[in-house]
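Trainee: Residue numbers (my numbering), protein chains in the order written: chain A, 1 to 334; chain B, 1001 to 1334; chain C, 2001 to 2290; chain D, 3001 to 3276; chain E, 4001 to 4416. Each residue gets a CB set at the ideal place from its N, CA and C atoms; glycine is no exception.
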Amino acid sequence: MGQITLSKVTKKFGEVEVIPPLDLEINDGEFAVFVGPSGCGKSTLLRLIAGLEDVTSGTIAIDGTDATGLVPAKRRLAMVFQSYALYPHMSVRKNIAFPLKMAKFDQAEIDRRVEAAAKVLNLGDYLDRRPGQLSGGQRQRVAIGRAIVREPAAFLFDEPLSNLDAALRVGMRLEISELHNRLATTMIYVTHDQVEAMTMADKIVVLQAGRIEQVGAPLELYERPRNLFVAGFIGSPKMNFITGAEAARLGAHTIGIRPEHISISPSEGAWKGTVGVSEHLGSDTFFHVMGTGLAESMTVRTSGEVSLRHGDTIFLTPQEDKIHRFDADGMRIA
Amino acid sequence: MGQITLSKVTKKFGEVEVIPPLDLEINDGEFAVFVGPSGCGKSTLLRLIAGLEDVTSGTIAIDGTDATGLVPAKRRLAMVFQSYALYPHMSVRKNIAFPLKMAKFDQAEIDRRVEAAAKVLNLGDYLDRRPGQLSGGQRQRVAIGRAIVREPAAFLFDEPLSNLDAALRVGMRLEISELHNRLATTMIYVTHDQVEAMTMADKIVVLQAGRIEQVGAPLELYERPRNLFVAGFIGSPKMNFITGAEAARLGAHTIGIRPEHISISPSEGAWKGTVGVSEHLGSDTFFHVMGTGLAESMTVRTSGEVSLRHGDTIFLTPQEDKIHRFDADGMRIA
Amino acid sequence: MATKHSRAASRLMISPAVLLLLGWMIVPLSMTIYFSFLNYNLLMPGAHNFIGFDNYKYFLTDPAFTTALINTLVLVGGVLLITTVGGTLLALLLDQPIWGQGIVRVLVIAPFFVMPTVSALVWKNMFMNPVNGLFGWIATSLGLPPFDFLAHAPLFSVIMIVAWQWLPFSTLILLTALQSLDSEQMEAAEMDGAGAISRFVYITVPHLARATTVVILIQTIFLLSVFAEILVTTNGGPGTASTNLTYLVYAQSLLQFDVGGGSAGGIIAVILANIVAIFLMRMIGKNLDA
Amino acid sequence: MARRVSTRRRVIVTAIAWAVAFLIFFPILWTFLTSFKTEGEAVATPPHFLFFNWTLENYIEVNERSDYFLHFMNSVVISVGSTVLGLIIAIPAAWSMAFVPGKRTKDVLMWMLSTKMLPPVGVLIPIFLLFKNTGLMDTRTGLVIILTLIDLPIIVWMLYTYFKEIPGEILEAARMDGAGLREEVIHILTPMAIPGIASTLLLNVILAWNEAFWTLNLTAANAAPLTAFIASYSSPEGLFYAKLSAASMMAIAPILILGWFSQKQLVRGLTFGAVK
Amino acid sequence: ETTITVATVNNGDMIRMQGLMDDFYAAHPDIKVNWVTMEENVLRQKVTTDVATKAGQYDVMTIGTYEVPIWGKQGWLVALDDLPDSYDVNDLLPAIRSGLTVDDHLYALPFYGESSFTMYRKDLMEKAGLTMPEDPTWADIEKAAAAMTDKEAGIYGICLRGKAGWGENMAFLSAMDNSMGGRWFDMDWNPQFNTPEWKNTLTTYLNLMNEYGPPGASSNGFNENLALFQQGKCGMWMDATVAASFVTNPKDSKVADQVGFAMAPHKDGVAKNGNWLWAWTLAIPAGTQKEDAAKTFIEWATSKEYTALVASKEGWANVPPGTRTSLYENPDYTSAAPFADLTLKSINAADPKSPSVQDVPYTGVQFVAIPEFQAIGTAVGQQFSAALAGQITADQALQNAQSLTEREMKKAGYIK
Ligand SMILES: Nc1ncnc2c1ncn2[C@@H]1O[C@H](COP(=O)(O)OP(=O)(O)OP(=O)(O)O)[C@@H](O)[C@H]1O
Ligand SMILES: Nc1ncnc2c1ncn2[C@@H]1O[C@H](COP(=O)(O)OP(=O)(O)OP(=O)(O)O)[C@@H](O)[C@H]1O
Ligand SMILES: [Mg+2]
Ligand SMILES: [Mg+2]
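1) Could you have a look at E:Y4414 and say whether DSSP puts it in helix, strand or coil?
2) Less than 8 Å between C-beta atoms, sequence neighbours within five positions excluded: which residues of the same chain meet that for E:L4202?
3) On the DSSP letters alone, give me the boundaries of the beta strand (DSSP E) that C:S2036 sits inside.
4) Have a look at B:L1183, B:R1150, B:A1197, B:L1156 and flag the residue whose alpha-carbon is nearest the alpha-carbon of B:R1173.
5) Check whether the Cβ of A:H192 lies closer than 7 Å to any heavy atom of ligand 1, and answer yes or no.
6) For the beta strand (DSSP E) that contains A:Y189, what are its first and last residues?
7) Taking any Cβ of chain E, which residues in the stretch 3051-3082 of chain D have a Cβ under 8 Å from it, in chain order?
8) Taking the C-alpha atoms as reference points, what is the distance between A:A328 and A:Y87?
9) Helix, strand or coil for B:F1157 per DSSP?
10) Under a Cβ-count criterion, where at least 16 other Cβ atoms within 10 Å of its own Cβ denotes burial, should D:A3002 be classed as buried or exposed?
11) Please classify A:R146 as buried or exposed, where buried requires at least 16 other C-beta atoms within 10 Å of its C-beta.
12) When you compare only the Cα positions, how much space is there between C:M2001 and A:A103?
13) Would a C-beta distance cut-off of 8 Å place E:T4378 and C:L2248 closer than the cut-off?
14) Give the residues of chain C in contact with A:L77, contact being defined as C-beta atoms less than 8 Å apart.
15) Checking 8 Å against the spacing of the C-beta atoms, do D:P3119 and C:S2225 come in under that value?
16) Do we get a CB-CB distance below 8 Å when we pair B:G1124 with the residues of chain A?
17) Determine, using beta carbons only, whether E:A4145 and E:Y4212 come nearer to each other than 8 Å.
18) I need the straight-line Cα distance from C:I2082 to C:V2108, nearest angstrom please.
19) Any heavy atom of ligand 3 closer than 7 Å to the beta-carbon of B:E1159?
20) For the stretch 4132-4146 of chain E against the stretch 4348-4366 of chain E, do three or more pairs of beta-carbon atoms, one drawn from each stretch, fall closer than 8 Å, so that the two count as touching?
21) Given that B:E1260 touches chain A, what residues does it touch there, using C-beta distances under 9 Å?
22) At the 8 Å Cβ level, is A:L174 part of the contact set with chain C, yes or no?
23) Ordered along the chain, which non-local residues of its own chain (more than five positions away) have a Cβ less than 8 Å from that of B:L1134?
24) Output the distance between the C-alpha atoms of E:N4207 and E:W4189, rounded to the nearest integer angstrom.
25) Should E:A4340 and E:T4248 be called a contact, given that it needs their Cβ atoms to be closer than 8 Å?
26) With DSSP collapsed to three states, give me the class of E:D4150.
27) How about E:M4038: is its C-beta nearer than 8 Å to some C-beta of chain D?
28) In chain order, what residues of the stretch 82-103 of chain A put their CB closer than 7 Å to some CB of chain D?
29) According to DSSP, is E:T4323 helix, strand or coil?
30) Check this for me: beta carbons of B:H1261 and B:Q1319, under 8 Å apart or not?
31) Over what stretch of residues does the beta strand (DSSP E) that includes A:D12 continue unbroken?
32) Nearest by alpha-carbon distance to D:Y3160: which of D:A3017, D:I3060, D:P3101, D:L3050 is it?
33) Do you know how far the Cα of C:E2184 is from the Cα of C:A2091?
34) Going by the beta-carbon positions, is the gap between D:E3172 and A:S83 smaller than 8 Å?
35) CB of B:S1043 to nearest heavy atom of ligand 4: below 7 Å?
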């Protein structure tokens, strides 16, 4: 069980209102990801749920019971911190056993659960090492181990992978996803990595300045962003935005088209421009196309290698059905 | 001017030979990137060029003159460190002016150059702040500013972006590229980020255990990796490697095929497998295909959204002309 | 971090220390203030009548007071100067690659462990004594008349002794600070064309600023109340040449058993110490934040 | 900076460093040597450096004259006792300053430190009277209390600088894991800060061991530590250098040896957050 | 079993007693003695604080003739009126005994007593072709000092106290001033540092020390001078009579068999020698819980039996001198101690009731028996010590001494 409901939650630090009134419902077993620009309040929101900060007003309910006033220990939530926050003076075994010890489990039960967690996380060989003797990925697993032994109502993750190098990140991402499949426990996951958000989430919560911009499944956000902010935030490289006559022609204040939804041709197409910087990644090439008169620069993605040189004239054609339209307030026009 | 030539350079730390004899030529105005796994000697090589370490044997020539014995200050090179190594007690202005002050420039000239550098790097508003009061990207720029004022023969960068967050990294990457276009000064850039290497370099130097595995333009490395190491190292997600009968069929010990060069079909194709984890990024989807009998797991990339579920049977077909063949020693078969 | 629970806990946890120190400050201090208005000599029992500010008047107009004030400042300043400059040089020396670094460090740190009384006794008798001391012998063997340190340079002698005790402290802090200097920063300066001296002036010295402040703060705390060294070596003399405030108050209250006068002196010393404290706190507060 | 340092330079630097270290250490060495001389040799001109008749006479005499062991035990009890008591009071205080900092945290810390600047002579008589009236005079308990109070600010500061280096996330993790305040401090904070606590302990044992004002003025026979022991050798009649040296060595040796063995620890802790 | 705590000074006789306690314990197995040995200044400070605040840390205190009358008058000490006959209180030297008696009550028992006299090196005098008169004048002394001084050889004609302190340099200088015909205060308690006598005293002293004294004299007290004399570095030394036994002890003294003795010098025409009277005594602070045990102890420590005990263990030359007539009538002692005669003579010559040839309102030779004297004496001593160190001139020193004494006397209410 692990349904989390925030109603009219606000948070002020001194005079600054970091979270304006906010409602959010996370269902049991769901994998919810919070994304948003740096400083938008992702960590704060997570810490409010954990009980590490007091809400200024509003209520937080866990499984239907009000948990607003409870100390963190009483909320049956487990948290995995960005720095893992392992206890450096305890062996892996002791680290994992710590929450059980605090909950006054008997030793036999503690041993049983630690063994079980170690097995799930492939930590059997390291149980007697100290955190300092582990690699980043192993530490990460210990932190998760410590979280799962208590069989919490939900897991909270605050950018757990941001300290790992790229290769490891991919591996751990898969592991966490698998864990979620296996345990089917609610997870709330903070990240600012696009790929993590898109690949792991059942539900993405996009935040800006403490406000929720959109909540939905990853592809829903990708395909039907509710407003300009979400449209620009989700997807990499960014969506191209066009205002003015071209947008007006489609009955919108702004239209948006993703780089992968534009096709390119040396001879004909809807928009004409010249090639600026091009970035060749081998698998793809990104062209920054200038002088279209629509936007300062448009990004276009092509698969594989297309040889165009700086200054070449090209024509762009958007896939009409993939064009997003927004009104003057930046809201999607359905 | 800034041509750098290394001939038979070796480096030992105590008994350990970190760099076996190595020859390398970097042309004037070139943007050379060193990549390779952690500990392969990238930083060491850069520091040898900078003069921060003594070579054990061999010579380093800068613009044709032997610089092997020169102290760093005499080599006319500027370095941007991973930690930026800004002087924390000096204002931005003083930081940037420091090399000029050391070179005994007169105050008017110093001011002029600092202003110019600040303008180029958009630092005008921050000149009187201390480094501690700047954001990561701004610090980065100060470090570059300190490097450019002296108008060095070449710039050396040691993983200058690795401390920045992803979004900023993209921005700074473009800025450095632009700077290179503008100044046309030789740059040597160490990174272990694929994308940086591919997008910025004129020439990539792939190192492993101090040896140069391959030197070449990014696409050359991508398209014609000289050996298995380079093939596996360049490109993300990694190339799929297949050994055994399927490879022998093509007259190779190992064949490699990149994820984007495999097409997928629910009904027919060369190889049959079942879908494992699939990662939906919106713009692309990566499928991990199992049970092909060729490799433990094959990664396949498809553009846009393809709906396949875990466990579905699919068929894969490689683009024959994109298959890389390697012999038993791991060398490319031309 | 800051929930209602943790803030409440925080108040609870800090209160024993705060209350104890408050008590430590207030109880004896208020008694001292009270005594300072009385005509109270230990040797003359009976009524201790209230005499207003007379004790303060006598203490402040005591010709020794100004001398003591100046001596206190000279003593603190002198020791600080020697220990910070000497400590920096020593730290630089010990930071070099040398053989037997461990042993050298052990030798250098040793004076810090020596009781002030012992070090004063040893210096006074075995080194500075012009007849039997080693310095006297050295002077004589060089054909010079032995110099009578404690008579002719009493304050200087005390400063030397105290500095000897505190040099290890500053050396160690500065050495640790030196070793924490980011080597990339040094290399950057080297790339920027700075020579060894420029690097020291522009990089090392500013880097040590924070450590130096701490050295100054901690040492000042201890140096303001230097006492045993003076008592053992010069008894504040000759004349009042090496009397500092602490010693003057001591002389007043414990040699003369004038509790009233001594208390007035104590209060004045407390006020002066607090002025120094405020000054220092300003400085350190700024430097420790940076 | 791993460039070659020429051997010649290294030799010169080593020589200078050793010479300076020797000079700094010399007074202690000289005391040590003198403690094994006869009184006559102790003042001989020219001085005898190594070649004299080594004798234990002084140590024997000092031992006969004073109850060294009593003083030594007093010193141990007082310095360790006051430090441990100080730690028990200071750990919670440092916890709250480091992990729940408020606007006034810094001021409180600075105020605490400023109490250390009170000249002890200023309050001797009041304390003396208080001790007399509470029966603390000449008791180890009394000295433990006084030394705890005067060293508390330093202990708090040192711990505070240590605690600040511990990431708050770890304590939060403990809280998430169900630890209460007590468990958090006992199971997580204290063990993690062991190196810091150890060096705080060491420094304060040294400070307390060498404290010579209160220990002298508030003791007579029973609780007098080694500072009082040495005071009886300060200038007796006749030649006394050798005996003084022997007594001095006996007074400083325990702490000197402790200091040497733990110097790595000590140095780390001594920095008071001066080094980041 | 009773444990008594004894505060004592770290001088040789006291330390010797600590080694002889077995004898006491044998006779009094129910008493245990806890020694607290301190340097003189520390001792004085601690016992005074203790007795004045009635802190009760000590059951027996070692105090001097300065404290006894003042403390006795305050009622801080236990009167010792019922001494057993075996103690033979009448055997105590009258000069000493009267100094310890207030209003006919004896408040302390003398452990040893002393006056001051002149010690000199017979060999050096001989070499210089001089002889020391038994009652020398300051002129004789100066001549002898000049003749004996050989700084190259490390021999200084005269060693005198220079360390500041009312019990250090001021003990000597106050006595010397008496021998010059001067005094501390006139009958109206006006300080006399502006008189020619004091000027004469100080200039003579400074001249002697600067010309013929050892370096570092301004920090030399009794102990430092003793060490110098024992090493043969001093030609003459005017100081306490107890020093005699140390400088003639061949174990510690290089010049043991070369020491001669004479009276303390005086100015030609002044009928006072500069000899003082001092005794270290054992007293019991009022209010101790262990009065009986304390009494038992101090009676033992100052008894004839103790003297005999020391004699039997350490030889007659080492017994604590200057307290009992019987000692000076004992041929064993007088033959072992060549200085006995002069010691007794000096003690008898000291008259605390009229220390100067002029009238004075106070008692005490080398001190003025008023509570304020410690402070004043020490402050004046610092001035004179500074003059000896060359930091100020004699005139300045006298002037400072005069004004600071006036100040203190005013503060204390003696003069308006
Ligand atoms: N303890 C605090 N006191 C005052 N302001 C705070 C505090 N903690 C956070 N803030 C402010 O609240 C806002 C939200 O911070 P938060 O850490 O939740 O952002 P975030 O979304 O997690 O950012 P990031 O991606 O950088 O981790 C920021 O503006 C931050 O400055
Ligand atoms: N000062 C040194 N002393 C001894 N070995 C060293 C020293 N510096 C580097 N090495 C070793 O040399 C090898 C190359 O190190 P280098 O720092 O050049 O690697 P790198 O490629 O920069 O790695 P990374 O990507 O982790 O920065 C490593 O094995 C390293 O351990
Ligand atoms: Mg965050
Ligand atoms: Mg590197």
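Mentor: Taking the geometry as given:
1) Position 414 of the fifth sequence, counting from 1, holds the residue named residue 4414 of chain E. Under the three-state reduction of DSSP, E:Y4414 is assigned to coil, being neither helix nor strand.
2) Residue 4202 of chain E sits at position 202 when you count from the first residue of the fifth sequence. The answer, listed in chain order, is L4173, F4384, A4387, A4394, A4397, L4398.
3) Translated into positions along the third sequence, residue 2036 of chain C becomes position 36. Here C:S2036 belongs to no beta strand (DSSP E), and DSSP marks it neither H nor E.
4) Position 173 of the second sequence, counting from 1, holds the residue named residue 1173 of chain B. Of the candidates B:L1183, B:R1150, B:A1197, B:L1156, the one whose C-alpha sits nearest the C-alpha of B:R1173 is B:A1197.
5) Numbered from 1 along the first sequence, position 192 holds the residue referred to as residue 192 of chain A. Yes, since a heavy atom of ligand 1 falls inside the 7 Å radius drawn around the Cβ of A:H192.
6) The count along the first sequence starts at 1 and reaches residue 189 of chain A at position 189. Start and end: 186-190.
7) E3064, R3065, S3066
8) Looking up residue 328 of chain A in the first sequence gives position 328. Looking up residue 87 of chain A in the first sequence gives position 87. Each residue's alpha carbon lies about 52 Å from the other.
9) Within the second sequence, residue 1157 of chain B is the residue found at index 157, counting from 1. Of the three classes helix, strand and coil, the one that applies to B:F1157 here is strand, per DSSP.
10) Translated into positions along the fourth sequence, residue 3002 of chain D becomes position 2. For D:A3002, the predicted structure reports a pLDDT of 46, less than 50, and the residue's modelled location is therefore unreliable. The matter cannot be settled from this model.
11) Along the first sequence, one-based indexing puts residue 146 of chain A at 146. Label assigned to A:R146: buried.
12) Counted from its first residue, the third sequence places residue 2001 of chain C at position 1. Counted from its first residue, the first sequence places residue 103 of chain A at position 103. Because the pLDDT of C:M2001 is 47, which lies under 50, any placement of that residue in the model is unreliable, and the number read from its coordinates should be weighed accordingly. Straight-line spacing of the CA atoms in C:M2001 and A:A103 works out to 22 Å.
13) Taking the fifth sequence and counting its residues from 1, the one referred to as residue 4378 of chain E is at position 378. Taking the third sequence and counting its residues from 1, the one referred to as residue 2248 of chain C is at position 248. No. Outside cutoff.
14) Numbered from its first residue, the first sequence carries residue 77 of chain A at position 77. The premise fails here: A:L77 is roughly 15 Å from chain C at the closest Cβ pair, so nothing lies under 8 Å.
15) Taking the fourth sequence and counting its residues from 1, the one referred to as residue 3119 of chain D is at position 119. Taking the third sequence and counting its residues from 1, the one referred to as residue 2225 of chain C is at position 225. Yes, these two residues count as a Cβ contact at 8 Å.
16) Translated into positions along the second sequence, residue 1124 of chain B becomes position 124. Not closer than 8 Å to any Cβ of chain A, the Cβ of B:G1124 fails to qualify, so no.
17) Along the fifth sequence, one-based indexing puts residue 4145 of chain E at 145. Along the fifth sequence, one-based indexing puts residue 4212 of chain E at 212. Cβ atoms of E:A4145 and E:Y4212: closer than 8 Å.
18) Along the third sequence, one-based indexing puts residue 2082 of chain C at 82. Along the third sequence, one-based indexing puts residue 2108 of chain C at 108. Those two C-alpha atoms are separated by around 15 Å.
19) Locating residue 1159 of chain B in the second sequence gives position 159, where the first residue counts as 1. Not so, every heavy atom of ligand 3 lies at least 7 Å from the Cβ.
20) Taking 8 Å as the limit for Cβ pairs, the verdict is that the stretch 4348-4366 of chain E does not touch the stretch 4132-4146 of chain E.
21) In the second sequence, counting from the first residue as 1, residue 1260 of chain B sits at position 260. Going along chain A in sequence order, the residues near B:E1260 (Cβ under 9 Å) are G282, S283, D284, S303, G304.
22) Within the first sequence, numbered from 1, the residue matching residue 174 of chain A stands at position 174. By this cut-off, A:L174 is not an interface position.
23) Looking up residue 1134 of chain B in the second sequence gives position 134. If we look at B:L1134 and ignore the five residues flanking it on each side, its Cβ neighbours are V1092, Y1126, V1142.
24) Looking up residue 4207 of chain E in the fifth sequence gives position 207. Looking up residue 4189 of chain E in the fifth sequence gives position 189. Roughly 29 Å between the two C-alpha positions.
25) For the purposes of this step, residue 4340 of chain E is taken as residue 340 along the fifth sequence, with counting starting at 1. For the purposes of this step, residue 4248 of chain E is taken as residue 248 along the fifth sequence, with counting starting at 1. With respect to E:T4248, E:A4340 sits apart: the two C-beta atoms are not nearer than 8 Å.
26) Taking the fifth sequence and counting its residues from 1, one reaches residue 4150 of chain E at position 150. Correct three-state label for E:D4150: strand.
27) Looking up residue 4038 of chain E in the fifth sequence gives position 38. Yes, E:M4038 lies at the interface with chain D (some Cβ there is under 8 Å from its Cβ).
28) S83, A85, Y87, P88, H89, F98, P99, M102, A103
29) Reading the fifth sequence from its first residue, position 323 is the one you call residue 4323 of chain E. E:T4323: coil per DSSP, three-state reduction.
30) Residue numbering aside, residue 1261 of chain B sits at position 261 when the second sequence is read from its first letter. Residue numbering aside, residue 1319 of chain B sits at position 319 when the second sequence is read from its first letter. The answer is yes: Cβ separation under 8 Å.
31) Counting from one through the first sequence, the residue named residue 12 of chain A turns up at place 12. Here residue 12 of chain A is Lys; the residue named in the question, Asp, does not match the sequence. Start and end: 4-13.
32) Walking along the fourth sequence from the start, residue 3160 of chain D turns up at place 160. Comparing Cα-Cα distances from D:Y3160 to each of D:A3017, D:I3060, D:P3101, D:L3050, the minimum goes to D:P3101.
33) On the third sequence, position 91 is the one that residue 2091 of chain C refers to. On the third sequence, position 184 is the one that residue 2184 of chain C refers to. Roughly 20 Å separates the two Cα atoms.
34) Residue 3172 of chain D sits at position 172 when you count from the first residue of the fourth sequence. Residue 83 of chain A sits at position 83 when you count from the first residue of the first sequence. In this structure, A:S83 does not lie closer than 8 Å to D:E3172 by Cβ.
35) Along the second sequence, one-based indexing puts residue 1043 of chain B at 43. Yes; taking the cut-off as 7 Å, the Cβ of B:S1043 has a heavy atom of ligand 4 nearer than that.
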